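Enquirer: Would you mind keeping the following structure in view while I ask a few things?
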Amino acid sequence: MNLMKTLTLKNLKLNRKRTIVTIVGIILATALLSALVTLVSSFQYSVIEYQKQKGGDFHVKFSNVKMSELSEFKNNRNIESTFETMGMGFAKLDGCKNEDKPYAYVMATDEAGFERGCFKLIEGRMAKNEDEIVIPRHLKTNGRIDIKVGDEITLDVGKRYDSNTESVISENCAYEHEAETLTDNVTKHYKVVGIMERPGYGMEDYSAAGYTFVTYSDELAAIDNGSKSEADTTLTVYSRYTQKALRNKDAVTADIIGVDEKLFAKANNSSVEMTAEESDRFLKEMENAKYDIYINGFLISYECVFPIDGTFKALFTVAAVVALIIILTSVYCIKNSFNISITEKIRQYGMLASVGATRRQIKSSVKTEAAMLGVVGIPVGTMSGILASLILVKVVNALSAGWLNFALSFHTSLPALILAVILSIATIYFSATGSARRAAKVTPLEAIRNTKEIKIKSAKLKTPAIIGRIWGIGGVISYKNIKRNKKKYRTTVTSIVICSVTFIVISYFMSMAFSVVGMSYASVDYNIGINMSCKKDLDIEKLSELLSGIEGAEDYLVGAGYYFDVDKPEYTKEYGEYCGQLYDDSEDVSQEFLITVLNDKSYDKYASDAGIKNADTGAILVNKGTFDVYNEKSSKYVKEEMELYKYKAGDTIRCGYNVYEDAVDDDNAVEGDTESSTEDNSGYVDEETINKGVRKTVDVTIAGVTDKVPTCYNGYGNTSLLFMNQKGFESLWADGKSGNEFKPGNAIYSAYVVAENADEYQDTLEKETAENPEYSQISFYVSNMDKQMRDEKSLFTLLGVFAYGLIVVIALIGITNIINTLSTGMELRSREFATLRSIGMTDKQFAGMVRLESVFISVKALVIGVPLGILISYLLCVMMNRMGGAIIYKPPYKAIILCIVVVIMLIYAIMKLSMTKLRHNNIIETIKNENL
Numbered sequence: 001m002n003l004m005k006t007l008t009l010k011n012l013k014l015n016r017k018r019t020i021v022t023i024v025g026i027i028l029a030t031a032l033l034s035a036l037v038t039l040v041s042s043f044q045y046s047v048i049e050y051q052k053q054k055g056g057d058f059h060v061k062f063s064n065v066k067m068s069e070l071s072e073f074k075n076n077r078n079i080e081s082t083f084e085t086m087g088m089g090f091a092k093l094d095g096c097k098n099e100d101k102p103y104a105y106v107m108a109t110d111e112a113g114f115e116r117g118c119f120k121l122i123e124g125r126m127a128k129n130e131d132e133i134v135i136p137r138h139l140k141t142n143g144r145i146d147i148k149v150g151d152e153i154t155l156d157v158g159k160r161y162d163s164n165t166e167s168v169i170s171e172n173c174a175y176e177h178e179a180e181t182l183t184d185n186v187t188k189h190y191k192v193v194g195i196m197e198r199p200g201y202g203m204e205d206y207s208a209a210g211y212t213f214v215t216y217s218d219e220l221a222a223i224d225n226g227s228k229s230e231a232d233t234t235l236t237v238y239s240r241y242t243q244k245a246l247r248n249k250d251a252v253t254a255d256i257i258g259v260d261e262k263l264f265a266k267a268n269n270s271s272v273e274m275t276a277e278e279s280d281r282f283l284k285e286m287e288n289a290k291y292d293i294y295i296n297g298f299l300i301s302y303e304c305v306f307p308i309d310g311t312f313k314a315l316f317t318v319a320a321v322v323a324l325i326i327i328l329t330s331v332y333c334i335k336n337s338f339n340i341s342i343t344e345k346i347r348q349y350g351m352l353a354s355v356g357a358t359r360r361q362i363k364s365s366v367k368t369e370a371a372m373l374g375v376v377g378i379p380v381g382t383m384s385g386i387l388a389s390l391i392l393v394k395v396v397n398a399l400s401a402g403w404l405n406f407a408l409s410f411h412t413s414l415p416a417l418i419l420a421v422i423l424s425i426a427t428i429y430f431s432a433t434g435s436a437r438r439a440a441k442v443t444p445l446e447a448i449r450n451t452k453e454i455k456i457k458s459a460k461l462k463t464p465a466i467i468g469r470i471w472g473i474g475g476v477i478s479y480k481n482i483k484r485n486k487k488k489y490r491t492t493v494t495s496i497v498i499c500s501v502t503f504i505v506i507s508y509f510m511s512m513a514f515s516v517v518g519m520s521y522a523s524v525d526y527n528i529g530i531n532m533s534c535k536k537d538l539d540i541e542k543l544s545e546l547l548s549g550i551e552g553a554e555d556y557l558v559g560a561g562y563y564f565d566v567d568k569p570e571y572t573k574e575y576g577e578y579c580g581q582l583y584d585d586s587e588d589v590s591q592e593f594l595i596t597v598l599n600d601k602s603y604d605k606y607a608s609d610a611g612i613k614n615a616d617t618g619a620i621l622v623n624k625g626t627f628d629v630y631n632e633k634s635s636k637y638v639k640e641e642m643e644l645y646k647y648k649a650g651d652t653i654r655c656g657y658n659v660y661e662d663a664v665d666d667d668n669a670v671e672g673d674t675e676s677s678t679e680d681n682s683g684y685v686d687e688e689t690i691n692k693g694v695r696k697t698v699d700v701t702i703a704g705v706t707d708k709v710p711t712c713y714n715g716y717g718n719t720s721l722l723f724m725n726q727k728g729f730e731s732l733w734a735d736g737k738s739g740n741e742f743k744p745g746n747a748i749y750s751a752y753v754v755a756e757n758a759d760e761y762q763d764t765l766e767k768e769t770a771e772n773p774e775y776s777q778i779s780f781y782v783s784n785m786d787k788q789m790r791d792e793k794s795l796f797t798l799l800g801v802f803a804y805g806l807i808v809v810i811a812l813i814g815i816t817n818i819i820n821t822l823s824t825g826m827e828l829r830s831r832e833f834a835t836l837r838s839i840g841m842t843d844k845q846f847a848g849m850v851r852l853e854s855v856f857i858s859v860k861a862l863v864i865g866v867p868l869g870i871l872i873s874y875l876l877c878v879m880m881n882r883m884g885g886a887i888i889y890k891p892p893y894k895a896i897i898l899c900i901v902v903v904i905m906l907i908y909a910i911m912k913l914s915m916t917k918l919r920h921n922n923i924i925e926t927i928k929n930e931n932l
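Quick note on numbering: full-length UniProt numbering labels position 717 of the sequence shown as 717, and the sequence is numbered without any gaps.
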């Protein structure tokens, strides 16, 4: 057995080139697998860490825990660790602009709480004693109270008391306004030492009445250090379950709070529907539960090994598919290296068998060779994969800066790397097993004669006459050689086909992705969109002054939208037929109209562009729209542009809206306590909605009809649009005629800006609105279209980095296989070439023959690979269109041409190098060499 190992090692040393090429293939396959598992591990780790920062490093939060009960949590074997917080109370904040959040909620914790709670510090430091405090950033952005690090504050901390129920209100309950007061106030003095992001939902509910202020607790710190407290203080305990407990989290939690386990599990399983009786029972049990709880569901789903969360299930599925592709490609390519090795050594195996070597020993020799190659290739490949994934993580963070919510952290997992090594070993094992069996089956006589490799009938070697006429004897020999060595060249062709198809498909996907992004933003003629919300009516002229006053505003528009319904509008025949496809008796239904009041400058410009004079006398009707119309002949929906209504300048449209009882009884109803009826996507209004509330109507005169829309309103193609200026809209209610003393409220305020630099404009706008008290009651939601388009392109670029990276490595594996196959094949045929040269073949004919073989191989591979790549890319386009896209298929010509050029050059270069080496061989010595 030692002799066989010695011979195997000696053969590897003698055939250095093939050994190196095989090791390179193993290194690439292992590197790909290692990089894949490391990236998956890094992504999983990053998501978990992000969720810990966002929502806290705990699984279940238990509220109203007595200090004396804390030991039950500390000693629970299902709980890995805990940290605690203590509610100190609420304090009224003077000058707070958020009427629904008028308090500071003072919470105390210790080092463990600061470390594992969702307290993300952005300035200063955490509190270290009970006289220091950390405040949230949204105290300034939402409450408009500006407190800086270093300021000293005084808080009268007490309990919230509901006078109606005569009970204390808990920390996360919404503000009760007149019904509640603060009692048992205690004055506290604090120094602000830090500012943090708003705590997560588990620590500050979005409806909570107070901003969370966090101070330090000596009492909690002492408990963590092993001291016992005699005080019967109420705590909130944040617990982390063990991995085993996570698999049975519902049973563990139900046992702690004292409710029915099966009922609790059923209530927390979204895929199981509860009966009404079970739902009532569950609510009663939770009312009587020992503790109130909050479940950090996202973190649990991310950290739970089984069942796997949907997010990671998709990730692991993709990773498994990619790993399978890598293994199959690698097995196919590395197996070819072993097959070539067997072919080279078949006579040696025959001689060994003739002197007593058993099949088992010969098979073991091949597997030993695989093990020796793996011992070198796997460690190098693993380290290369880790290094590649580190570089990719840095590339991902560079490309995703600004749009990915978290930075990807590089993280290596020992189990993941062990899995990669096992997969690599499996790849090598499956690559060598077939070759080992083939080597063991060969009889000594067949091996010594070496005739088994080429078994082909003469009819199959028949060469088309045209090849001989065009290329002569060199072409005939080239053609016959490819025919009789189908197995070897099939591997080369398959490698080229795989690489070609993958490159063409991914190139098409990338070009399609970028074209889709471009198409989606092509109709957007602005780069800053702003939605505004406020409990009171806004002055659009003041808003337009704000937007136009910011440097870099090239154009702008401010609008206030009000929805009305029009009973039996005068449809055109075409639009009426379209509505008839959607509803029965379409002529008898009401249609939703959006009246948008524009700022004066934008309205005058719009009227001028539309060619409408005296636009101040009424409204401008946009009378064209584009709709998806069902075509019965093609059985498909096609986009059609059509005129909507028969209205013309001077006509009147009666617009209806509803005023509800609470609005009629309220003196401030004009501030938004009225609303129009609801709509679906087509604008249809149902009678039930119209009949609700007190019905009001108003007559709107058409000043002009156009097919144009104002700048920035291109996205409203399926909505019936009317545009007015502020003066014209207010005149509809000027004299309170027809009982319309209440105008519709709940306006939709929006603005659009064409900015020279969208990023700078957004920064300036956000700064001015945050610092100016005049806008403290208005919520601004800014959409930077330039940034959104950059982010989407960055996302696809990021996908492209991974996709093209995968192509490159798979291509490298394929190229090593091609080099191995072609160069070894040329060497094995060196006696044949020497014989041809000895009977008169010139160097020119020899070179021509080799070039023809390159052409035949390349053409065969490209004839299969290019059409297959085009077909798959076309199917990808069809699939995208079925998902709602409207993409016209265009073959990726650049990728196809590049693929053709690279394949031809690659094959020719490999064979040219091999041919150059053979030219220098001595003809007689080569013919005499029996080892070839």
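Glycine included, each C-beta is placed from N, C-alpha and C at the ideal position. It should be emphasised that the depicted structure is a prediction, and the values quoted were computed from it without experimental measurement.
Going by beta carbon distance, what residues of the same chain come within less than 7 Å of residue 723, once the five residues before and after it are set aside?
Expert: As a working note, residue 723 is residue 723 in the sequence shown. Counting only Cβ-Cβ distances below 7 Å, and skipping sequence neighbours, we find 596, 598, 603, 606, 619, 620 and 710.
Enquirer: Can you tell me which of 216, 428, 533 and 610 puts its alpha carbon nearest to the alpha carbon of residue 33?
Expert: Translated into positions along the sequence shown, residue 33 becomes position 33. Residue 33 has its Cα closest to that of 428, out of 216, 428, 533 and 610.
Enquirer: Using beta-carbon positions only, say whether residue 751 and residue 558 come within less than 8 Å of one another.
Expert: As a working note, residue 751 is residue 751 in the sequence shown. As a working note, residue 558 is residue 558 in the sequence shown. Closer than 8 Å, so yes.
Enquirer: What separation, rounded to the nearest whole angstrom, lies between the Cα atoms of residue 75 and residue 255?
Expert: Numbered from 1 along the sequence shown, position 75 holds the residue referred to as residue 75. Numbered from 1 along the sequence shown, position 255 holds the residue referred to as residue 255. Rounded to the nearest angstrom, the two C-alpha atoms are 14 Å apart.
Enquirer: Could you pull out every unbroken alpha helix (DSSP H) segment of at least 4 residues lying fully inside the segment 594 to 639, listed in chain order?
Expert: Taking only runs of at least 4 residues, the alpha helix (DSSP H) segments lying wholly in the segment 594 to 639 are 600 to 610.
Enquirer: Any idea what DSSP makes of residue 555, helix, strand or coil?
Expert: Within the sequence shown, residue 555 is the residue found at index 555, counting from 1. DSSP places residue 555 in strand when its eight states are reduced to three.
Enquirer: Output needed for residue 322: all residues of its chain with C-beta closer than 8 Å, excluding positions within five of it in sequence on either side, in chain order.
Expert: Taking the first residue of the sequence shown as 1, we reach residue 322 at position 322. Excluding sequence neighbours, residue 322 sits near 36 and 806.
Enquirer: According to DSSP, what are the bridge partners of residue 655?
Expert: Locating residue 655 in the sequence shown gives position 655, counting from the first residue. Answer is 566 and 698, bridged to residue 655.
Enquirer: When the distance is taken between beta carbons, is residue 436 closer than 8 Å to residue 367?
Expert: Along the sequence shown, read from residue 1 onward, the residue named residue 367 stands at position 367. Along the sequence shown, read from residue 1 onward, the residue named residue 436 stands at position 436. Cβ atoms of residue 367 and residue 436: closer than 8 Å.
Enquirer: Taking C-alpha atoms, which residue in 57, 360 and 177 lies nearest to residue 962?
Expert: Outside the shown range of the chain (1 to 932) lies residue 962, about which nothing can therefore be said.
Enquirer: On the criterion of 16 or more Cβ atoms from any shown chain inside 10 Å, does residue 623 qualify as buried, or is it exposed?
Expert: On the sequence shown, residue 623 is found 623 positions in, with the first residue counted as 1. Counting Cβ neighbours within 10 Å, residue 623 comes out buried, since at least 16 surround it.
Enquirer: Look at the alpha carbon of residue 378 and the alpha carbon of residue 112, and state the distance between them as a whole number of angstroms.
Expert: Here residue 378 corresponds to residue number 378 of the sequence shown, with the count starting at 1. Here residue 112 corresponds to residue number 112 of the sequence shown, with the count starting at 1. C-alpha separation (whole angstroms): 42 Å.
Enquirer: Please name the residue, chosen from 335, 527, 876 and 57, that lies closest to residue 510 on a Cα-to-Cα basis.
Expert: For the purposes of this step, residue 510 is identified with residue 510 of the sequence shown, where counting begins at 1. It is 876 whose Cα lies nearest to the Cα of residue 510.
Enquirer: The beta strand (DSSP E) with residue 992 in it runs from where to where?
Expert: Nothing about residue 992 can be read from this structure; the chain reaches only from 1 to 932.
Enquirer: Which one of 840, 271, 299 and 261 has the shortest CA to CA distance from residue 286?
Expert: Within the sequence shown, residue 286 is the residue found at index 286, counting from 1. Comparing Cα positions, the closest option is 261.
Enquirer: Please report how far the alpha carbon of residue 313 lies from the alpha carbon of residue 412, in whole angstroms.
Expert: On the sequence shown, residue 313 is found 313 positions in, with the first residue counted as 1. On the sequence shown, residue 412 is found 412 positions in, with the first residue counted as 1. So the alpha carbons of these two residues sit roughly 20 Å apart.
Enquirer: Can you list, in chain order, the residues of its chain with a C-beta nearer than 8 Å to that of residue 107? Leave out the 5 residues immediately preceding and following it.
Expert: Against the sequence shown, residue 107 aligns to sequence position 107. Correct list, in chain order: 85, 86, 87, 88, 203, 212, 213, 214 and 215.
Enquirer: Ignore the nearest five residues each way along the sequence and tell me which others in residue 785's own chain have a CB closer than 8 Å to its CB.
Expert: Taking the sequence shown and counting its residues from 1, the one referred to as residue 785 is at position 785. Cβ neighbours of residue 785 beyond the five flanking positions: 521, 524, 526, 527, 528, 529 and 758.
Enquirer: Tell me the residue span of the beta strand (DSSP E) that contains residue 121.
Expert: In the sequence shown, residue 121 corresponds to position 121, counting from 1. Start and end: 121 to 124.
Enquirer: Go ahead and label residue 59 buried or exposed: buried means 16 or more other beta carbons lie within 10 angstroms of its beta carbon, across all protein chains shown.
Expert: Walking along the sequence shown from the start, residue 59 turns up at place 59. Buried, since its Cβ has 16 or more Cβ neighbours within 10 Å.
Enquirer: What number of angstroms, rounded off, separates the C-alpha of residue 191 from the C-alpha of residue 61?
Expert: Start at 1 with the first residue of the sequence shown, and residue 191 comes out as number 191. Start at 1 with the first residue of the sequence shown, and residue 61 comes out as number 61. For residue 191 and residue 61, the distance between alpha carbons rounds to 29 Å.
Enquirer: Counting C-beta neighbours from all protein chains within 10 Å, is the total for residue 243 16 or more, i.e. buried, or is it exposed?
Expert: Locating residue 243 in the sequence shown gives position 243, where the first residue counts as 1. Exposed, since its Cβ has fewer than 16 Cβ neighbours within 10 Å.
Enquirer: Could you have a look at residue 481 and say whether DSSP puts it in helix, strand or coil?
Expert: If you number the sequence shown from 1, residue 481 lands on position 481. Helix, per DSSP.
Enquirer: With contact counted as at least three CB pairs below 8 Å, one residue from each stretch, are the segment 139 to 147 and the segment 112 to 128 in contact?
Expert: Short answer: they don't touch.
Enquirer: Which one or two residues does DSSP pair with residue 213 in a beta bridge?
Expert: Counting from one through the sequence shown, the residue named residue 213 turns up at place 213. In the DSSP output, where bridge partners are listed per residue, residue 213 has 106.
Enquirer: Report the CB separation of residue 110 from residue 220 in whole angstroms; it is logged as a contact under 8 Å.
Expert: Looking up residue 110 in the sequence shown gives position 110. Looking up residue 220 in the sequence shown gives position 220. The Cβ separation is near 4 Å, so the contact holds.
Enquirer: So what does residue 28 bridge to, in DSSP terms?
Expert: The residue you call residue 28 lines up with position 28 of the sequence shown. Residue 28 pairs with nothing; no bridge assigned.
Enquirer: Can you give me the start and stop residues for the alpha helix (DSSP H) that residue 729 sits inside?
Expert: Residue 729 sits at position 729 when you count from the first residue of the sequence shown. First-last of the alpha helix (DSSP H) with residue 729: 726 to 731.
Enquirer: Three-state secondary structure (DSSP) at residue 222?
Expert: Taking the first residue of the sequence shown as position 1, residue 222 is located at position 222. Residue 222: helix per DSSP, three-state reduction.
Enquirer: Give me, in chain order, the residues of the same chain whose beta-carbon lies closer than 7 Å to that of residue 12; leave out the 5 immediate sequence neighbours on both sides.
Expert: Locating residue 12 in the sequence shown gives position 12, counting from the first residue. Here the set comprises 19, 369 and 372.
Enquirer: If distances are taken between C-alpha atoms only, which option among 364, 46, 238 and 315 comes closest to residue 2?
Expert: Here residue 2 is taken as the residue at index 2 of the sequence shown, counted from 1. Among 364, 46, 238 and 315, the Cα nearest to that of residue 2 is on 364.
Enquirer: Could you tell me which residues DSSP puts in a beta bridge with residue 141?
Expert: On the sequence shown, residue 141 is found 141 positions in, with the first residue counted as 1. Residue 141 is not bridged to any residue.
Enquirer: How close, in whole Å, do the beta carbons of residue 698 and residue 652 come, if the pair is a contact with beta carbons under 8 Å?
Expert: Stepping through the sequence shown from its first residue, residue 698 is reached at position 698. Stepping through the sequence shown from its first residue, residue 652 is reached at position 652. Not really, about 10 Å apart at Cβ, beyond 8 Å.
Enquirer: Could you pull out every residue in the same chain whose Cβ sits closer than 7 Å to the Cβ of residue 948, ignoring the five residues on either side in sequence?
Expert: Limits of the chain in this structure are 1 at one end and 932 at the other, which puts residue 948 out of reach.
Enquirer: Comparing C-alpha positions only, which one of 31, 617 and 630 sits nearest to residue 729?
Expert: Counted from its first residue, the sequence shown places residue 729 at position 729. That would be 617, whose Cα lies nearest to the Cα of residue 729.
Enquirer: Span of the alpha helix (DSSP H) holding residue 546?
Expert: By 1-based counting over the sequence shown, the position of residue 546 is 546. Note, residue 546: alpha helix (DSSP H), 540 to 548.
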